[in-house]
Amino acid sequence: MWQYNPFTNKLDKVNKYNKILTVGKGGDYTKLSDALNSITDASETNRYCIVVIGKIVDNAQINAKSYVDIIGFSADVTVQTDSNVHGVVFDSVIETEWKGITIRRKGDVTSAVYACFIKGITNKTCRLVNCRFINEISAAVNYCYGMLIGVLHHLLLRIVKFKVVVAVVLAMV
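In structure tokens, the structure reads:
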């Protein structure tokens, strides 16, 4: 939305989001993955914001999207599945900001999984602010970390404030 500013004789952007969705009890969605999967038209001129409130249990990998911001209020998202998938994946994502959210990865798996996996050409416009990525995998599998950042690709990720409970690993993926 744009609004005329008589002091500058220009149009000013009133709100950077064209659509706001809510996830949590009484929200538009009960799962963060469902809210993200419902978005098919996010772009530079059609930005989304997803507000996550409270504790959420999701049974699928969460795939971050470009031009979609996630803002958490006491947000604690548990990805609970025995499938060999990661908690949240940023794959060639640009122009996104995640704030104030905890992602927990739980389940019994047979290969290495991460609470957060950043890969591809994830641009410097991807920001994680006051986020926690916790891996609570119960299986005896090597290399299950809180966050894995693939550095073979042109990765310019700006992490403003960042806390990982288990570990951060830079890998050639």
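Residue numbers for the sequence shown, in the numbering used here: 116 to 288.
Beta carbons are placed, not taken as given, at the ideal position from N, Cα and C, and that holds for glycine.
Find out if the Cβ-Cβ distance for the pair residue i, residue j is shorter than 8 Å.
i, j, result
"residue 228", "residue 219", "no"
"residue 169", "residue 216", "no"
"residue 184", "residue 159", "no"
"residue 151", "residue 178", "yes"
"residue 138", "residue 146", "yes"
"residue 181", "residue 208", "yes"
"residue 196", "residue 230", "no"
"residue 171", "residue 136", "no"
"residue 222", "residue 252", "yes"
Classify residue i: buried if its beta carbon has 16 or more other beta carbons within 10 angstroms, exposed otherwise.
i, result
"residue 193", "buried"
"residue 199", "exposed"
"residue 189", "exposed"
"residue 173", "buried"
"residue 161", "exposed"
"residue 153", "exposed"
"residue 261", "buried"
"residue 141", "exposed"
"residue 226", "exposed"
Compute the Euclidean distance between the alpha carbons of residue i and residue j, then round it to the nearest angstrom.
i, j, result
"residue 143", "residue 163", "14 Å"
"residue 235", "residue 248", "19 Å"
"residue 191", "residue 214", "12 Å"
"residue 157", "residue 250", "29 Å"
"residue 241", "residue 206", "11 Å"
"residue 243", "residue 155", "22 Å"
"residue 201", "residue 246", "16 Å"
"residue 267", "residue 210", "Caution is warranted here: a pLDDT of 48 is assigned to residue 267, below 50, making its placement in the model unreliable, and no coordinate value can be reported."
"residue 148", "residue 167", "11 Å"
Quick check on this structure: which residue in the options has the alpha carbon closest to the alpha carbon of residue i?
i, options, result
"residue 204", "262, 247, 232", "232"
Looking at the structure shown, is residue i part of a helix, part of a strand, or coil, going by DSSP?
i, result
"residue 134", "strand"
"residue 152", "helix"
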